[in-house]
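Chemist: The opening residue of the sequence shown carries number 0 in numbering that gives the first Met the number 0; numbering runs sequentially from there.
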Amino acid sequence: MGWRDYKNDYLSIFGSGDNQCPLNHVHVPGFHPHQCLSISQVCIGVTKIEVRIHLKDQHLCHPRFKTSKMQIDSTTVICQNGYMLQIDLTLDQNFIYSCVPASDGRCQIYYKTPRKKGCQFCRPPFYGQYCHQSHEWYDQRYHSPPRLCGGQYCLECSENQLCSICRPTHANSEQLQRCELDCKGFSTCYLKGSSLKVGKYCEYGWYKYSGMCYKCPNGCSSCIALLDYYGRIQIRCQSCDRGYLLLQQNIHSQTLCYISYNCFSNYYVQSSELLWDGYYSYNIRCEQCDIGFSLNKSGQCVFTRNMKKNCFHLNEADNKCLACMPWYALQPDGTCSLISCSPNCQTCLDTNPRFCTTCDGSKGKVLDEINGICLCLPPTGVYNDICKPCKEGYCNECEVFDFFLCTSCKLGSNRILANQECMCQPGTYDTQKDDQICLACDKSCLTCSGSSNHECTQCLDESISNRISIDKSCPCKIGYADSEIREFICGKCHPRCRTCFKSTDETMDQYCLTCIPGENRIVTDNFTCDCQYNYGDNNGTYDICFTCHYTCGNCQNPEPTGCTYCLLSSNRDLTTYGECLCQKSYYDDENDNIECKTLQKILAQNVLQLEYLITHQQHHLNVYVLLHKLLTMDFHLLAKNAITLVKLVMVLFHLIVYHVILLTE
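#1: Go through its chain and collect everything with a Cβ distance to residue 718's Cβ below 8 Å, but skip five positions before and after it.
#2: Excluding five sequence neighbours on each side, which residues of the same chain lie with their C-beta closer than 8 Å to the C-beta of residue 218?
#3: Since residue 665 sits in a beta bridge, which residues does DSSP pair it with?
#4: By a C-beta neighbour count over all protein chains shown, 10 Å radius and 16 as the cutoff for buried, is residue 432 buried or exposed?
#5: Mapping the DSSP letters down to three states, classify residue 351 as helix, strand or coil.
#6: Quick one: complete alpha helix (DSSP H) runs, 4+ long, within the stretch 29-78?
#7: With the cut-off set at 9 Å, would you say residue 48 and residue 61 are in Cβ contact?
#8: Give the secondary structure of residue 284 by DSSP, where H, G and I count as helix, E and B as strand, and everything else as coil.
#9: Near residue 32, which residues of its chain fall below 6 Å by C-beta distance, leaving aside the five closest residues on each side in sequence?
#10: Where residue 12 and residue 140 are concerned, what is the direct C-alpha to C-alpha distance, given to the nearest angstrom?
#11: Excluding the 5 residues flanking residue 68 on each side, which residues of the same chain have their C-beta closer than 8 Å to its C-beta?
#12: Quick one: any contact between the stretch 540-553 and the stretch 572-587, if contact means 3 or more CB pairs under 8 Å?
#13: Please report how far the alpha carbon of residue 514 lies from the alpha carbon of residue 409, in whole angstroms.
#14: So who's on the other strand from residue 592, going by DSSP bridges?
#15: Going by alpha carbons, who is nearest to residue 392 out of 466, 404 and 536?
#16: Can you give me the start and stop residues for the alpha helix (DSSP H) that residue 6 sits inside?
#17: Under 8 Å Cβ to Cβ from residue 618, same chain only, skipping five residues before and after it: list those, please.
#18: Could you check how far apart the C-beta atoms of residue 57 and residue 357 are, in whole angstroms? I think they sit under 8 Å.
#19: For residue 5, which residues of its own chain have a beta-carbon under 8 Å away from its beta-carbon, when the five flanking residues on both sides are left out?
#20: If you draw a straight line from the alpha carbon of residue 469 to that of residue 591, how long is it in whole angstroms?
#21: Which stretch, first to last residue, makes up the alpha helix (DSSP H) that contains residue 303?
#22: Could you give the first and the last residue of the continuous beta strand (DSSP E) run that contains residue 415?
#23: Would you kindly work out how many angstroms separate the C-alpha atoms of residue 384 and residue 333, rounded to a whole number?
#24: Please determine, among 412, 426, 430 and 406, the residue with the shortest C-alpha to C-alpha distance to residue 419.
#25: Hey, out of 435, 212 and 426, whose CA is closest to residue 444's CA?
#26: Who are the Cβ neighbours of residue 41 in its own chain at under 6 Å, not counting the five residues just before and after it?
#27: Counting Cβ pairs, one atom from each stretch, are 3 or more of them under 8 Å apart for the stretch 261-270 and the stretch 220-237?
#28: With 9 Å set as the bound, which would you pick, yes or no: does the beta-carbon of residue 257 sit closer than that to a beta-carbon of chain C?
#29: What is the rounded straight-line gap between the Cα of residue 382 and the Cα of residue 474?
#30: Under the rule that 16 or more other beta-carbon atoms within 10 Å means buried, what is residue 105, buried or exposed?
#31: So, helix, strand or coil for residue 17, using DSSP?
Put into structure tokens, the structure is as follows:
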């Protein structure tokens, strides 16, 4: 008992499972369906399996895993100084873990069954049966913490590492005090000059032969050397170390010390047999094996996992497993199957790896104990396997299982909830800034990528907004315009306008840019669509301007007396009777010409007409028409214009010639 080295032997028996357990949890066998249990002091006093929370960390507590004085080292769970870990095996084959006071402080893990109890693993630096030996380099008196000596074979040493007591068969030199002298198996030795002087007697556990000391076989506390019948040396154990059986090896009285290393309680010789070669064969049986071992059919203790695959503790009565090795789940048929917890869990049931028993509190997760799932607490959601505050994204609140699925949007962000996304509301755009606030689009846009009216991505329906989509803008359609303050909806232009730069009603200014075709109107400097020259609308009564009398600039009716305005270029003045009459020294040429002319221009025009008639229409010339033209001319004025007079003489000459021709025919 207690011969095992904790650092080197524990994992070979219990297996390695702590690396898959969360912080402050360890794997211990025999707590099916739980693989990992908390060693936290928060679990002290639990009477049932439960999850306790401390500083956001979740701890799976078990009433058979008593955490008072427990701590974790690099191997597994251990107890604080002055205590040892006691593993109790109950009558119903359940394990109980607890820390109990250690009598001498040398035992690390103590095993107690209904039939036997004893140390299973020694506390470093001790080892060996009943932990009575200490490893080389270490003082045998200290364990918490161990004291390192200055010499390999020191048994006890001072604080400055000088050896005070040496291990058997070694001694100090006067100079070094490092137990560096090897006594060659003798109990004492010293240096005389440069020569090693040894004592008279061999050390306990050694025997003397031919003046030399030799070590007894393992387990022999004392032995002697004898010569057999053939003159060969035979070693006979006279006494054994504690826990060993003294057995006769052969008929020549050679004895040995036997130990069953993995037997926890008494082992005994059930039967023996003398073989043909003179050696004895013994059938040695064990009453109860060490933890992690089971009796095979020969009564020997072997690893339980070698008898039943992946099993740690076996019910030998029916060969069914009661506890499995780390991360193997106990099945109803008594076998063990490999399992792995869902990544969403911190710990889980080994019967259902997707059913969580604790969650990672450092990630903000909490356990839904009914459904066995790890959730985030509102207002957080899962983001890369951690719980992240919803407000760090676009959401105000979000689904606990998904950070990106919003259930509400932040106030003042100008965002609305659509398919669980917080989108910029219509008429705003995402600036991609840290504040996540959507800014207003230009009023002409329904949606946009920026603030200008040339960054529209969508226009409001034309039937509602009176806008059309052109490239990346939403201008008003023909007949509509923005109001003085731009809005989503375009207002109508004045009825006189085809297009305008500002909407208005019939009572306001018109703001026209173009006029309606066919209405005989033009845009004025005041952006109004007034009747063209020589057209009228009876003071706005008519939409389509009608033609005035040829003398009028504008009018209220087509009559000569219907004029309301005379064109400056017409050389006419408006009378009180509504007529546009020629100004003084100007005359109407009676050709429906709005422009009044001087007499000089009229005479010149008449001469040109006579000339044209004679030169181009002589075969149809009406002499009386010509005479009429001549008689209506103002000869007084002609006399003042030499060129016109010459032309008139030429016309008269042609007229006489033409008349003669007519008479001869």
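Don't be surprised by glycine CBs; every beta carbon is placed ideally from N, CA and C.
Modeler: Let's see:
#1: The structure shown does not extend to residue 718, since the chain is modelled only from 0 to 664, so the question has no answer here.
#2: 236, 239, 240, 243, 255, 256, 257 and 258
#3: The question about residue 665 has no answer, for the chain in this structure spans 0 to 664.
#4: By the 10 Å Cβ count, residue 432 comes out exposed.
#5: Secondary structure at residue 351: strand, using DSSP grouped into helix, strand and coil.
#6: none
#7: yes
#8: Strand.
#9: 348, 349 and 350
#10: Spanning the alpha carbons of residue 12 and residue 140 requires a straight line of approximately 28 Å.
#11: 78, 79, 82 and 98
#12: yes
#13: Each residue's Cα considered, the two are about 50 Å apart.
#14: Under the DSSP definition of a beta bridge, residue 592 lacks any partner.
#15: 404
#16: Per DSSP, residue 6 belongs to the alpha helix (DSSP H) from 5-13.
#17: With a pLDDT of 45 at residue 618, under the threshold of 50, the modelled position of that residue is not reliable, and no figure is offered here.
#18: 4 Å
#19: 74, 107, 108, 120, 121, 122 and 123
#20: 49 Å
#21: Residues 303-306.
#22: 414-417
#23: 35 Å
#24: 406
#25: 426
#26: 51, 53 and 58
#27: no
#28: Considering every chain present, this structure includes no chain C. It has just one protein chain.
#29: 44 Å
#30: buried
#31: helix
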